[in-house]
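Participant: Please find one structure pasted underneath; my questions will follow.
Residue numbers (the working numbering): 2 to 190.
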């Protein structure tokens, strides 16, 4: 699998299942601004509350073949293997599909990650140990404090200025390399 970052703001994410695992998955997408639909006969109280607050849509029934048609991302998060397999059959091969109880069944796996400003650290164990991935993510992010994030924001702004300038391409590349070096020097001080 190829690690990538995807902007899911305003994208349709359909999650089949209403338990704690579905809640963990939907929380990530909700924080990133996705439009979320939950399909499940029953849901945990937290999902019910999000539906009552009109922050998500809850369809209170079993999944049907057409339920995933418009989804950019489909998450099969039930505690029934047969239902998760059915969700895979309902999904189009060009949709992103995560089957939580079998990482090899879908074409997408969710990774453990943390974000500070525009800085993101993500760790995957390929489904071998989500607990270890979470622990490593936490450990790897500790050295990067608020001052690092502020410096990164300044560098990001300067990078945009350089790219938008009328300078020759070779000079832009040189200045961009120097920016990256400045961040390394700052961090090593």
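Ideal Cβ placement from N, Cα and C applies to all residues, glycine included.
#1: Using beta-carbon positions only, say whether residue 92 and residue 69 come within less than 9 Å of one another.
#2: DSSP state of residue 190, grouped into three classes?
#3: Given residue 153, which residues of its chain have a CB within under 6 Å of its CB, disregarding the five upstream and five downstream residues?
#4: Drop a sphere of 10 angstroms on the beta-carbon of residue 5, count the other beta-carbons inside from all chains shown, and report buried for 16 or more, exposed for fewer.
#5: Under a Cβ-count criterion, where at least 16 other Cβ atoms within 10 Å of its own Cβ denotes burial, should residue 155 be classed as buried or exposed?
#6: Reducing DSSP to helix, strand and coil, say where residue 35 ends up.
#7: In terms of residues, what are the limits of the beta strand (DSSP E) holding residue 92?
#8: May I ask which residues mark the beginning and end of the beta strand (DSSP E) holding residue 113?
#9: Starting from residue 59, follow its DSSP beta bridges and name the residues at the other end.
#10: Once the 5 residues before and after residue 29 are set aside, which same chain residues still bring their CB inside 8 Å of it?
#11: Enumerate in chain order the residues of its own chain whose CB-to-CB distance from residue 15 is below 6 Å, with the five nearest sequence positions on each side excluded.
#12: Give the range of the alpha helix (DSSP H) segment to which residue 137 is assigned.
#13: Count the C-beta pairs between the segment 39-48 and the segment 96-108 that are closer than 8 Å, then say yes if the count reaches three, no if not.
#14: Please state the DSSP three-state secondary structure of residue 87.
#15: Give every residue of the same chain whose Cβ lies closer than 6 Å to the Cβ of residue 115, excluding the five residues on either side of it in the sequence, and list them in chain order.
#16: Please name the residue in 173, 177, 19, 12 whose C-alpha comes closest to that of residue 81.
#17: Ordered along the chain, which non-local residues of its own chain (more than five positions away) have a Cβ less than 7 Å from that of residue 45?
#18: DSSP has residue 97 in a bridge; who is on the other side?
Facilitator: Per the coordinate set shown:
#1: yes
#2: Interpretation of residue 190 is limited by its pLDDT of 49, a score under 50 that renders its predicted location unreliable; no figure is taken from the coordinates.
#3: Within the same chain, residue 153 has close Cβ partners 120.
#4: exposed
#5: exposed
#6: Residue state for residue 35 is assigned as coil, using DSSP reduced to three classes.
#7: Per DSSP, residue 92 belongs to no beta strand (DSSP E) and is neither H nor E.
#8: Following the DSSP letters along the chain, one finds residue 113 inside the beta strand (DSSP E) bounded by residues 113-117.
#9: 39
#10: Here the set comprises 111.
#11: 38, 69, 72, 75
#12: 131-142
#13: no
#14: Three-state result, residue 87: helix.
#15: 122, 138, 142
#16: Answer by Cα proximity: 19.
#17: 19, 20, 21, 24
#18: Partner(s): 74.
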